[in-house]
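2 protein chains.
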Amino acid sequence: MVRGRICSLSVRDVRFPTSLGGHGSDAMHTDPDYSAAYVVLETDAEDGLKGYGITFTLGKGTEVVVCAVNALAHHVLNKDLGDIVGDFRGFYRQLTSDGQLRWIGPEKGVVHLATAAILNAVWDLWAKQEGKDPRTLLSCIDFRYITDVLTEEEAYEILQKGQVGKKEREGQMLMHGYPAYTTSCAWLGYSDDTLKQLCTEALKAGWTRPAVGSSLLSLSCVNMDPWTSEGLPLDKWFKVKVGADLQDDVRRCRLIRNMIGPEKTLMMDANQRWDVPEAVKWMSQLAEFKPLWIEEPTSPDDILGHAAISKALAPLGIGVATGEQCHNRVIFKQLLQAKALQFLQIDSCRLGSVNENLSVLLMAKKFEIPVCPHAGGVGLCELVQHLIIFDFISVSASLQNRMCEYVDHLHEHFRYPVIIKKASYMPPKDAGYSTEMKEESVKKHQYPDGEVWKKLLAAQEN
Amino acid sequence: MVRGRICSLSVRDVRFPTSLGGHGSDAMHTDPDYSAAYVVLETDAEDGLKGYGITFTLGKGTEVVVCAVNALAHHVLNKDLGDIVGDFRGFYRQLTSDGQLRWIGPEKGVVHLATAAILNAVWDLWAKQEGKDPRTLLSCIDFRYITDVLTEEEAYEILQKGQVGKKEREGQMLMHGYPAYTTSCAWLGYSDDTLKQLCTEALKAGWTRPAVGSSLLSLSCVNMDPWTSEGLPLDKWFKVKVGADLQDDVRRCRLIRNMIGPEKTLMMDANQRWDVPEAVKWMSQLAEFKPLWIEEPTSPDDILGHAAISKALAPLGIGVATGEQCHNRVIFKQLLQAKALQFLQIDSCRLGSVNENLSVLLMAKKFEIPVCPHAGGVGLCELVQHLIIFDFISVSASLQNRMCEYVDHLHEHFRYPVIIKKASYMPPKDAGYSTEMKEESVKKHQYPDGEVWKKLLAAQEN
């Protein structure tokens, strides 16, 4: 039973000054401050539950997303949560098809990020109240513009098939978790020495950290029995940022490949630096380092370009991965139709929340393309773990060629941070979408008035 | 000689309550208030010239674009205009590739609209100071992500070929203008009676209005000799909005076709209402009314979808037109590559100003696809006339299958409004990009404090 009327929406601009240490830097984003537009929904229900939602940003521009959240707020305020989730498809479309606001999207850029932040909060709140069955999940998806590839009935069949062996896969997740790989050790802003040191550490440590309680977003009604910590065999994946300078790339790739040996998986990430012919040429020269994929070789909007690159690199054994800046389900639909990618990277905060991510997971299943989510930025790991574990348990039923990105920073600001064990995401155990930040962290990092920014901005002025 | 350092940027939220009369309504945008984020640049030069720039919006959300303009302002302020236009490609890329802000685009949605508003103001200012030759124009284009289809050298060749017969085409424009068609008479929100009345008026009147002085944006260095008003043979085009209800569409299309007769050109516009199979089915049932094109049959992001629709409708003699919500040159590149459209509709305020529009005009020329701009909203006609007349004089050199949209409202708020004579855009004569609004209009329509909105908002509260 869903309870409460949304009586308050607040949104804050929260920024972490990560650019100071070069964290997260790549060929196109040289000085990101990992940030979020942070939404809190309150209801008038007596349970006192709140819904927390974020969308990820890189610092400047967060205030624009905050402004867009406020522009969308009237669609949410004073609505019954029951009415919202009772026709979640309709509500999704109301947000994305507002007769005036859709002009400044539609379903892309700032307004879509704002939509994600709000809907993520709705899912957090809803997930704390109750579980969902396949029909309920489907009723959340807006199939507009994708029925030529996936109808609601086809989606239902996929979810029905996903019931087979579900119990075993739940057990497997609870026991071993979902395989992760790390990007932390090869940001473009790091020196060779830092790179070497971080790579050594990652190889040695396996990111084991003390487990704390957590739980699957009630998406997939996982069995909540405790799990043992016997892990999967350790098979680590490493990712290196490329694309700024070919000679640098050759040197760095050689360094990493030498350290990790020939068997471990290496991926490369160009962050959209190249034109289509350039991507093919550049990657041909990095082929000797045996990358599994090249990520974001060109513009995220270029479906036909990715298809051409995929075709050219296939003989070299290099796949194409993209998605973190693909702005909606229509782009993913076409990437699948055009055979433009071999690895699909959803971003939990760019697409329109769980609603739209579900549609992409289902289309990927239909085309049998593995989903390997993007999860670098603040909060992305917390959210995406729900999606990817759901994907394994209820949709793809496979771990082959699948892994979820993981970056080991800023988790300390979340109330229910991800748990990584032996290079795997362990299923979250607390109800909700793991989106709540610690109030203390929010207060400190609020822009421009939080303590951290007050100091930094004052220092900049001097 | 380019003069001045940008010493001030102001941006205002200007809205016209057009929804009160159902103007501009269509299947997806049922209550638009035609609006603009309105940018004014000032320099420290003694000439006192200002640059005016707008981007078009539909009411709500204009404040989000205003916020984005402010977020981009630091890239413009305190820059020498000479430095900006001296490396305009670099400046364009600086705006569109800001390491933090590009995350909330990139090159799409709110930030790209804001980019357009700012750059439109730069062009207005620059155009008032001096003319441009082909090499200068090319130096404004960011070829990133389109070199697989158009290189700078190819673009140069196209412009060089465009020199042949240029003088004659200038004369032709000055004499007859650029053919226009009107959408005003068939907005979805109008009743059958209103529709009939407006259609009759348009047929009778030919929109003749007293000519006032105007001039080509110095893009193409047009001969400024006075022209006679001997017109082209009158061949009017009419456009009807479809997509909400098939029976309504059949009735309205029959009504209009009967009024205009079998020879006049009729276009249809679905404003993205359909999925791909639905578009094909629906249009098959409207084929008897002989539309030249179906505009925006589905999502503006769906390149492969438009290609499928184009293929299916070709045997019925119906072309596909799209572009007003296509968010950048990468999308247009693919629409051309995939043979997904037969008519290309740029929007002067959605793409990144003249810089990006130029790249699209040049690609369209390469594929020999006619450009028929979108120009409904406030200010769009004022801006796009420069682009389309430039296209004819210097790029396409053809009027075949070409026409520019025209909607007859809100021009009275501009200081240099478009001049329509015998259903044609007459070349603008004043220097600049025709972007300046009357200060009185801006003040009255500023949201939420202008006189017009104060009254309306107070009335809503009661």
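Residue numbers (the working numbering), protein chains in the order written: chain A, 712 to 1173; chain B, 712 to 1173.
C-beta: ideal position from N, C-alpha, C; glycine also.
What you are looking at is a predicted structure, and each value in this text was computed from that prediction instead of being measured.
For residue i and residue j, which I take to be in contact (beta-carbon distance under 8 Å), what is that distance rounded to the nearest angstrom?
i	j	result
A/Q1053	A/S1021	7 Å
B/K819	B/H1038	4 Å
A/M739	B/R813	7 Å
A/V821	B/V822	7 Å
B/G1034	B/Q1056	3 Å
A/I852	A/N1066	6 Å
A/F767	A/C1060	4 Å
A/D791	A/R716	5 Å
B/H1120	B/P1128	No, B/H1120 and B/P1128 are not in contact; Cβ-Cβ is about 11 Å, not under 8 Å.
A/A1146	A/N789	Reading off the sequence, residue 1146 of chain A comes out as Thr, not Ala. A/T1146 to A/N789, Cβ: 22 Å. No contact.
B/L1073	B/I869	6 Å
Less than 9 Å between the beta carbons of residue i and residue j, yes or no?
i	j	result
A/V1095	A/S746	no
B/S1109	B/A1075	no
B/L1091	B/H1085	yes
B/L909	B/V953	no
B/H1124	B/S1152	yes
B/F854	B/S1064	no
A/E1006	A/V987	no
B/T1009	A/Y856	yes
A/D737	B/V1041	no
B/R962	B/D903	yes
A/Y1158	A/R726	yes
A/P743	B/G810	yes
B/Y889	B/I1080	no
B/L861	B/K761	no
B/A1051	B/L1015	yes
B/M970	B/K907	yes
A/F1103	A/M886	no
B/P728	B/L1167	yes
A/Y901	A/G759	no
B/G735	B/L769	yes
May I have the straight-line CA-CA distance separating residue i from residue j, to the nearest angstrom?
i	j	result
B/V1082	B/D1058	11 Å
B/S940	B/V777	Any reading at B/S940 is ruled out, since the residue's pLDDT is 32, under 50, leaving its predicted position unreliable.
B/T893	B/Y1117	5 Å
B/A981	A/D859	18 Å
A/R1113	A/I1131	16 Å
A/W1004	A/I1029	5 Å
B/L783	B/E1162	29 Å
B/L927	B/E753	Here the model assigns B/L927 a pLDDT of 31, short of 50, so the residue's position is not dependable and the matter cannot be decided.
B/A1134	B/A891	5 Å
B/Y749	B/A828	7 Å
B/F802	B/P1139	27 Å
B/D936	B/V951	A caution first: B/D936 carries a pLDDT of 27, below 50, which makes its placement in the model unreliable, though a value can still be read off. C-alpha separation (whole angstroms): 37 Å.
A/D956	B/A1142	44 Å
A/S925	A/E1093	Because A/S925 sits at a pLDDT of 28, beneath the cut-off of 50, its placement in the model cannot be relied upon, and the point is left open.
A/D1160	A/R965	45 Å
B/S730	B/T826	26 Å
B/Q871	B/L849	12 Å
B/A1025	B/D755	56 Å
A/K1077	A/K1044	11 Å
B/E1172	A/V713	32 Å
B/L806	B/H786	7 Å
B/P973	B/W948	12 Å
A/W834	A/G1087	21 Å
A/C718	A/L1046	40 Å
A/W1164	A/Q1036	28 Å
A/E912	A/T741	24 Å
Return the residue from the list the options that minimises the CA-CA distance to residue i.
i	options	result
B/V722	B/R800, B/Y763, B/L1046	B/Y763
B/K1001	B/E1147, B/Y749, B/L977	B/L977
A/E1150	A/R1126, A/R1061, A/V875	A/R1126
A/E999	A/A1018, A/G972, A/L1027	A/L1027
B/Q840	B/L1168, B/G793, B/H1156	B/G793
B/V751	B/M1148, B/D960, B/T911	B/M1148
Report task. Please list the segments of the alpha helix (DSSP H) lying wholly inside the segment 748-823 of chain B, counting only runs of 4 or more residues, in order along the chain. Result -> 773-783, 792-797, 799-807
**Report entry** Segments assigned alpha helix (DSSP H), at least 4 residues, entirely inside the segment 1019-1057 of chain A
**Finding:** Correct list: 1040-1048.
Query - 3 or more residues per run - each beta strand (DSSP E) lying fully within the segment 940-997 of chain A - result: 948-952, 976-980
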